[in-house]
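Visitor:
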Amino acid sequence: HNQPVTTVMMPSPATVKVAPMPPQPDALSNHTTKVFNEATMAKYCGPQVVATFRKSLLVGAELDEPAKQAIAKGMFTWARENGATSFAHWFFPNRMGGGAVGGSLGALKNDTFLDLVWSSDATIKPFEVTFPTERLFCGETDGSSFPNGGLRQTHTAAAFTMWDRSSPVMIYDGVMRIPCCFVTHYGKCIDLKTPLLRSADAVAREGMRLLSLMRLPGQQAARAQTIHSYVGWEQEFFVVPAEAFKNRPDLLNCGRTLFGALPSRNQQMDLNYFGPIPNKVDQLLKIVEAKMLEVGVPMAARHNEVAPGQHEMCPIFCAASASCDNNVLFMEICTNEAQKLGLVVLFHEKPFAGINGSGKHNNWSVGTDTGINFFYPGKTDDQRLCFVTGVAALAWGLKEYNELVRISVAHAGNDHRLGAQEAPPAIISLYPGTGFEAHVNHIIRGGDLLDYVAEKKKAGPGCAAAEQIDTNVEDRNRTASFPFCGNRFEFRAVGSSQNCAFPTTVCNTIWAAGAAHISEYLEQGVSLRDAVARTFYECQSVIFTGNGYSSEWPIEAKKRGLPNLNTTPLAIAAFSGGKCKEALTSMGIFAEDECDAFAESMYENYNTQLCIEVNTMLSMVATGFTPAFAKDLSTYKDAPELAGERKTLYPEVLVQAAKLKQLMSRALGISPGALVCFDHGAQF
Ligand code: ADP
Ligand code: MG
57 HNQPVTTVMM PSPATVKVAP MPPQPDALSN HTTKVFNEAT MAKYCGPQVV
107 ATFRKSLLVG AELDEPAKQA IAKGMFTWAR ENGATSFAHW FFPNRMGGGA
157 VGGSLGALKN DTFLDLVWSS DATIKPFEVT FPTERLFCGE TDGSSFPNGG
207 LRQTHTAAAF TMWDRSSPVM IYDGVMRIPC CFVTHYGKCI DLKTPLLRSA
257 DAVAREGMRL LSLMRLPGQQ AARAQTIHSY VGWEQEFFVV PAEAFKNRPD
307 LLNCGRTLFG ALPSRNQQMD LNYFGPIPNK VDQLLKIVEA KMLEVGVPMA
357 ARHNEVAPGQ HEMCPIFCAA SASCDNNVLF MEICTNEAQK LGLVVLFHEK
407 PFAGINGSGK HNNWSVGTDT GINFFYPGKT DDQRLCFVTG VAALAWGLKE
457 YNELVRISVA HAGNDHRLGA QEAPPAIISL YPGTGFEAHV NHIIRGGDLL
507 DYVAEKKKAG PGCAAAEQID TNVEDRNRTA SFPFCGNRFE FRAVGSSQNC
557 AFPTTVCNTI WAAGAAHISE YLEQGVSLRD AVARTFYECQ SVIFTGNGYS
607 SEWPIEAKKR GLPNLNTTPL AIAAFSGGKC KEALTSMGIF AEDECDAFAE
657 SMYENYNTQL CIEVNTMLSM VATGFTPAFA KDLSTYKDAP ELAGERKTLY
707 PEVLVQAAKL KQLMSRALGI SPGALVCFDH GAQF
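Take 57 as the starting number for the sequence shown in full-length UniProt numbering and just add one per residue.
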């Protein structure tokens with residue numbers, strides 16, 4: 057207000073030079089500065105530190121003190137330059153299924169870059185902005201409010217977070233996120249990241265053991281130092297207007313509708329998939345895409361899904377741990393950005409009965425650091441031998457530990473999906489392609505491992521304007537839980553609300569177990585051909601190339617001895633069976649007590665989710681339906697002949713609700729009155 061008035065000299069029009077507008081950067085030219093990957097580390101810490109870091113990751117060694125300090129210092133400088141004002145250890149509590157609305161899968165322990173200054177001039181400068189080295193590597197916190205399956209109690213509550221060096225640190229919303237393991241005071245695992253990293257070790261250990269026993273002559277195999285697993289997730293979700301969402305207590309509390317009817321036109325006409333994306337949703341998806349790129353995650357695809365209001369996005373695949381983390385971040389970013397646009401993203405597996413549900417396809421592969429992919433048919437003989445052997449390891453693991461694979465996707469939300477028409481059945485089988493199935497039979501009959509000809513066929517539209525193309529080696533099979541996709545397998549049964557970490561852990565575990573099985577034959581002096589043939593012979597029953605949705609498949613599967621665990625309680629009960637524990641303990645994923653605790657957490661999660669649904673249902677009947685029934689009936693009091701079924705239907709709803717309440721209170725061992733739900737007790 058008190059600015060002196062100055063005379064501004066305006067330049068004459070002749071002297072005004074309009075600078076040409078610089079080209080506006082589009083989404084792709086935005087630099088991804090907010091991820092501390094190896095390139096960022098090289099820039100801020102120097103190439104020597106990167107080399108030390110890589111080596112320590114490879115052999116699982118601790119970094120030396122100078123390297124630790126250099127990394128923490130470089131990271132801090134980078135974080136401040138990129139607008140981070142705080143940091144957080146980011147971990148993934150043991151939760152199967154995301155519960156109500158997305159974004160609840162990760163936990164952030166927010167912490168400050170400020171520290172007290174303990175020196176003589178502390179009165180002048182009491183705080184400094186700093187990031188002590190040890191705070192990067194480890195944190196201590198209260199572990200009490202997380203599912204733990206009995207591994208810790210409130211009076212022994214400490215828990216620790218440790219940096220997972222295989223997933224990059226990133227900055228989102230001004231917070232530098234450090235992906236972490238989360239374990240109890242006694243080093244027991246109470247999260248989903250720790251088993252994933254242990255399974256990565258199992259893949260590296262058993263994969264390298266197998267590879268060296270295979271004695272492949274080429275350099276690509278000889279130079280391999282480790283074996284990684286990779287994941288590219290496909291995330292399906294629904295987008296609804298926030299206003300409509302807020303009007304539904306069931307969507308709010310449970311992430312799905314408990315009542316309702318389909319609109320007359322829903323998905324019958326197949327209008328949706330790959331159709332134009334509704335404007336506002338398109339806007340959301342593009343914003344999310346740009347935000348993901350900023351943190352170093354390039355998205356590969358965005359499109360509608362089969363049901364109205366349903367969509368899908370997927371990134372370019374990367375190392376498994378980083379991929380699982382960036383999927384959690386994706387769900388969080390979707391949730392945040394949707395809110396700004398007046399939208400809500402539903403990650404529940406089945407928000408609306410009668411139309412397609414949402415899944416998360418875990419595209420997964422394992423390969424050497426020199427580029428041999430165990431699930432790619434390959435060009436050289438070495439690569440082709442790795443492919444046949446790698447698929448044998450997977451098939452054997454799937455057969456031997458079939459229940460475990462089913463368990464890895466078992467939770468309340470997924471029960472609405474698995475076994476229904478659009479999702480894979482609850483029976484876990486392997487689809488390697490019909491050509492490969494024939495090759496398996498050929499090997500078992502004594503054929504050579506290299507006889508599989510990954511022959512591309514020609515397919516064309518039969519017109520002059522468009523050319524013929526080479527088709528994929530094998531056709532797609534959407535009805536299998538584990539179809540082959542040319543260079544990876546796609547675990548299709550994962551729930552849309554789930555963290556990919558546990559399903560990936562199990563994929564890694566069973567593959568490592570299969571690799572170990574083949575290695576044992578090789579160590580006994582059996583030839584590679586015979587070892588693979590025997591392995592396929594033992595697990596042939598898990599290979600199925602037919603229609604997994606057909607009514608004959610469950611009957612056939614039963615004959616083959618494949619389990620059909622079609623509910624979560626059935627699946628969890630199988631967890632305590634010896635086989636699952638054998639796989640997890642022998643591969644070093646869980647100790648016995650960690651297995652039991654995991655199963656316990658799954659039960660707890662399932663029961664809690666169902667209780668919330670029942671309570672919500674009862675509340676809705678009592679507070680929403682009952683008054684509406686009364687009002688509606690009064691409309692017809694002078695013309696009862698127009699009331700249709702209302703007079704009998706409405707009281708019946710209340711009778712059923714009362715029954716449900718009885719059942720629920722009996723299950724919980726409490727009186728119906730003690731149930732946490734409103735009851736206006738309306739009488740007809
Ligand atoms: P679909 O055509 O089956 O819908 P998408 O293109 O939507 O497949 O998604 C395929 C996903 O698989 C992408 O995330 C892609 O990066 C990932 N992917 C590709 N190759 C591999 C691989 N070798 N290992 C793991 N994931 C992969
Ligand atoms: Mg897709």
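Glycine included, each C-beta is placed from N, C-alpha and C at the ideal position.
(1) Please tell me whether, using a cut-off of 7 Å, the distance from the CB of serine 421 to the nearest non-hydrogen atom of ligand 1 is below it.
(2) If we ignore side chains and look at the alpha-carbon of each, how far apart do leucine 689 and alanine 409 end up?
(3) Using only the heavy atoms of ligand 1, determine whether one of them is closer than 7 Å to the beta carbon of asparagine 543.
(4) Which one or two residues does DSSP pair with glutamate 184 in a beta bridge?
(5) Going by the beta-carbon positions, is the gap between phenylalanine 631 and isoleucine 463 smaller than 8 Å?
(6) Quick one: complete beta strand (DSSP E) runs, 3+ long, within the region 194-281?
(7) Beta-carbon separation of alanine 98 and valine 106 under 8 Å?
(8) Quick one: using the 10 Å Cβ neighbour count with 16 as the cut-off for buried, is histidine 736 buried or exposed?
(9) Would proline 262 pass as a contact of glutamine 366 if the rule is Cβ separation under 8 Å?
(10) Alpha carbons only, please: which of Thr565, Phe330, Arg548 and Cys667 is nearest the one belonging to arginine 473?
(11) Compare the beta carbon distance of tryptophan 289 and histidine 417 with 8 Å and say whether it is the shorter of the two.
(12) So, helix, strand or coil for asparagine 458, using DSSP?
(13) When the distance is taken between beta carbons, is phenylalanine 216 closer than 8 Å to valine 231?
(14) Keeping to the same chain, check which residues put their C-beta closer than 6 Å to that of valine 91; ignore five residues upstream and five downstream.
(15) Asparagine 204 to alanine 639, Cα distance in whole Å?
(16) Taking just the CA atoms, how far does arginine 321 sit from threonine 89?
(17) Which residue comes first and which comes last in the beta strand (DSSP E) that contains isoleucine 574?
(18) Helix, strand or coil, according to DSSP, for aspartate 688 in the structure here?
(19) Can you give me the Cβ contacts of cysteine 236 inside the same chain, cut-off strictly under 8 Å, excluding the 5 residues immediately before and after it?
(20) Would you check whether ligand 1 has a heavy atom nearer than 7 Å to the C-beta of isoleucine 525?
(21) Is the Cβ-Cβ distance between asparagine 412 and asparagine 360 less than 8 Å?
(22) So, using beta-carbon positions, are threonine 108 and leucine 119 closer together than 8 Å?
(23) At a threshold of 7 Å, does valine 670 count as lining ligand 1 (C-beta to nearest heavy atom)?
(24) As a quick exercise: from Ser85, Gly130 and Asp82, pick the residue whose alpha carbon is nearest that of proline 103.
(25) Quick one: which unbroken alpha helix (DSSP H) runs of 4-plus residues sit fully inside the region 621-674? Chain order, please.
(26) Would you mind giving the Cβ-Cβ distance between serine 377 and serine 222, rounded to the nearest angstrom? I have them listed as a contact below 8 Å.
(27) Determine the direct distance from the alpha carbon of phenylalanine 169 to that of alanine 135, and round the result to whole angstroms.
(28) From serine 727 to leucine 626, what distance separates their C-alpha atoms?
(29) Run through the DSSP bridge pairs and tell me what glycine 503 is partnered with.
(30) Quick check: the Cα distance between leucine 674 and tyrosine 706, rounded to an integer number of angstroms?
(31) So, tryptophan 420 versus threonine 560, is the Cβ gap smaller than 8 Å?
(32) If you draw a straight line from the C-alpha of valine 709 to the C-alpha of lysine 703, how long is it?
(33) What residues are listed by DSSP as bridge partners for alanine 394?
(34) Mind checking glutamine 323: buried by the 16 CB within 10 Å criterion, or exposed?
(35) In terms of residues, what are the limits of the alpha helix (DSSP H) holding serine 112?
(36) Answer with buried or exposed for methionine 658, where buried requires no fewer than 16 other C-beta atoms within 10 angstroms of its C-beta.
Guide: Let me lay it out:
(1) Short note on serine 421: C-beta closer than 7 Å to some heavy atom of ligand 1.
(2) 27 Å
(3) yes
(4) In DSSP, glutamate 184 forms a bridge with Asp171.
(5) In this structure, phenylalanine 631 lies near isoleucine 463, with their beta-carbon atoms less than 8 Å apart.
(6) 194-198, 214-219, 225-228 and 231-240
(7) yes
(8) For histidine 736, the pLDDT reaches just 40, beneath the cut-off of 50, and the residue's location in the model is therefore unreliable, although a value from the coordinates is still provided. Per the 10 Å Cβ criterion, exposed.
(9) Before going further, note that residue 262 is glutamate rather than proline in the sequence given. Result no, Cβ atoms of glutamate 262 and glutamine 366 do not sit closer than 8 Å.
(10) Arg548
(11) yes
(12) helix
(13) no
(14) Pro224, Met226, Val351 and Gly352
(15) 21 Å
(16) 46 Å
(17) Looking at the DSSP string, isoleucine 574 is not in any beta strand (DSSP E); the run it does join, the alpha helix (DSSP H), is 557-579.
(18) helix
(19) His145, Trp146, Phe147, Gly195, Thr217, Met218, Trp219, Asp220 and Lys249
(20) no
(21) no
(22) yes
(23) no
(24) That would be Gly130, whose Cα lies nearest to the Cα of proline 103.
(25) 624-631 and 634-642
(26) 5 Å
(27) 10 Å
(28) 28 Å
(29) According to DSSP, glycine 503 bridges with nothing at all.
(30) 14 Å
(31) yes
(32) 11 Å
(33) As computed with DSSP, alanine 394 is found in no beta bridge at all.
(34) buried
(35) 103-115
(36) Here methionine 658 is buried: its Cβ has 16 or more other Cβ atoms, across all protein chains shown, within 10 Å.
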